[in-house]
Every structure is written in structure tokens, then in C-alpha cells.
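K.L.:
Here the working numbering is used: the first residue of the sequence shown is 24, the next is one more, and so on.
Cβ coordinates follow ideal geometry from the N, Cα and C atoms, glycine included.
Just so it is clear, the structure is predicted and the values come from calculations on it, not from any experiment.
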Amino acid sequence: MLDRSTILSVALQLSKTVPLSELSVVRVARELGVTPGLIHYYLRGRDRLTSGIMNAFYREAVESWPSELPDWKQNLEVVANAVYRGYLRYPGIVVYLASHNRYRLVQDVDEGEIDYGILFFERFTSAVRGAGFDALHTAGYAHLLADLITSFAHATIARRWPSQHGEFLNEKLASLDPAQFPSTHFIRQSLTSLNPADAFKMGLELVLHALEVARGQPARMRVV
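#1: Are the beta-carbon atoms belonging to Pro201 and His208 less than 8 Å from one another?
#2: Among all the DSSP beta bridges, which residues are the ones paired with Met24?
#3: Ordered along the chain, which non-local residues of its own chain (more than five positions away) have a Cβ less than 8 Å from that of Phe144?
#4: Take every Cβ of the region 122 to 137, pair it with every Cβ of the region 48 to 55, and state whether three or more of those distances are shorter than 8 Å.
#5: So, Leu168 versus Ala233, is the Cβ gap smaller than 8 Å?
#6: Please report the straight-line C-alpha distance between Gly68 and Glu100, rounded to a whole angstrom.
#7: How many Å lie between Val48 and Pro42 at the Cα?
#8: Check whether the region 178 to 193 touches the region 103 to 117, taking contact to mean three or more Cβ pairs, one atom from each stretch, closer than 8 Å.
#9: Ser38 and Ile76: beta carbons closer than 8 Å?
#10: CB-CB under 6 Å to Thr215, same chain, minus the five flanking residues each way: which ones, in chain order?
#11: Runs of 4 residues minimum, wholly inside the region 138 to 220: which ones carry the alpha helix (DSSP H) assignment?
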């Protein structure tokens, strides 16, 4: 039986292979074998379709949110990894997040319907807040970390990591004169073998270390 929930479930699965900006009412209708008018009847247009898919995505993320750990750093690391893995499951969502502002956070929901984008934001911000910073720095660091996760996920999906083009890069860099390009040769093998998982781990470790250092500056910490 066709209903709004079924339509959004199918559309969310399509976002694993289709950029959200290209997921039109017509495309979803074709996938379901129904007329576009029927999709319009349940969702009231393209914007509601896009927001509904985003809300379904955030709902999945919220419902699979990891249990909170007592140590702020371990907890934030687990949360960041969970969000990153969730993004990689839906490349079409990540491409949309990297290039659009609308529906990144707030969704168009009916009265009584849960906005899971807001719930996702609350959970994520709470994990950053656990580090103990004041409101200004909690806001800044949460935004920075969220953008880092999105950027890394988008780079992975867009195949921008060196290991994804390792053979070509290694051949080109190896042909350079070591005397003229000593630093390039110094990192060549490590660079061309750098994969998405290791790159994200390094980036996250850098952020977490920076937060540890910042915690040593009393002016940034919240007053209890």
C-alpha cells in the first residue's frame, strides 16, 4: 500500500546512488511505478520530498545514535565516527549537504511531526558540549567538526583521496627530480597510499587533540 512513509523510504534508498538535488518527484514516481501526481498528493511538491528524505535520513541517524560514554573525548570520537559512517551510506545526501544550505538542519514538518534534523543537531552539539567549553566555543567547535565530517565524507565519495588515484600519482611523482622536489619525494609513498579511513582518523585525532589543548585555556571553559 502506497503512503507517505513508503514513498520517503524508497526515496531515501535512492539517495544511496542518486544526488538528492536530482531526486525529483518524477524520478521517485518512476521507481514506484506510479504517476507523479500521486507523489504530489502525499508530499505536496519537490521541496517537501527533499525535506522528507532529509528527515528520514536524520531519523535513521538519531535512532542508531551510539550510547553516551563518560569520557568526553572518547564519546566525541565515537559520535564523529558514527556520523561519518552514516554519511558514507548515503552519498546522495552528502553531495547535497556539501552544496546546499536549505534542509541541512531544519526540516519542513507538519504539526506534531518530529523534526529529526533538530534532534540530530541536539545530539551532536551535546557531544561537543561534553568537553566543557563555554557557549561561544561550543558553537564554534561543533560547527567546525560538523563541516570537517561532511568535507571528509564528500571527498571520499568524490574520490579525492590520493590512494584512490595512487597508481597514477605515484608514477608521476616518482618521475620528478628528487633534488628539485625533495619534499614531494619524502612523502610520495605515504601520500599515494593515504586512504579515506586513515585520512579521517588523522583529521579527527587532530581536532580532538586541539580540543584537549583548548581545554587548558580557562577563558574558553564554561563557568559552572
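P.N.:
Taking the geometry as given:
#1: A contact, by the Cβ cut-off of 8 Å.
#2: Met24 is not bridged to any residue.
#3: For Phe144, where only same-chain residues beyond five positions count, the Cβ hits under 8 Å are Leu128.
#4: Fewer than three pairs of CB atoms, one per stretch, sit closer than 8 Å, so the region 122 to 137 makes no contact with the region 48 to 55.
#5: No.
#6: Distance between the alpha carbons of Gly68 and Glu100 is about 38 Å.
#7: Here the alpha carbons of Pro42 and Val48 stand approximately 13 Å from one another.
#8: With the cut-off at 8 Å, the region 178 to 193 and the region 103 to 117 touch.
#9: Yes, Cβ-Cβ distance for Ser38 and Ile76 is below 8 Å.
#10: Take Thr215, set aside five residues on each side of it, and the residues of its chain with a beta-carbon closer than 6 Å to its own are Pro185, Gly189, Leu192, Asn193, in chain order.
#11: If we require 4 residues or more, the alpha helix (DSSP H) runs fully inside the region 138 to 220 come out as 139 to 152, 158 to 180, 189 to 197, 205 to 215.
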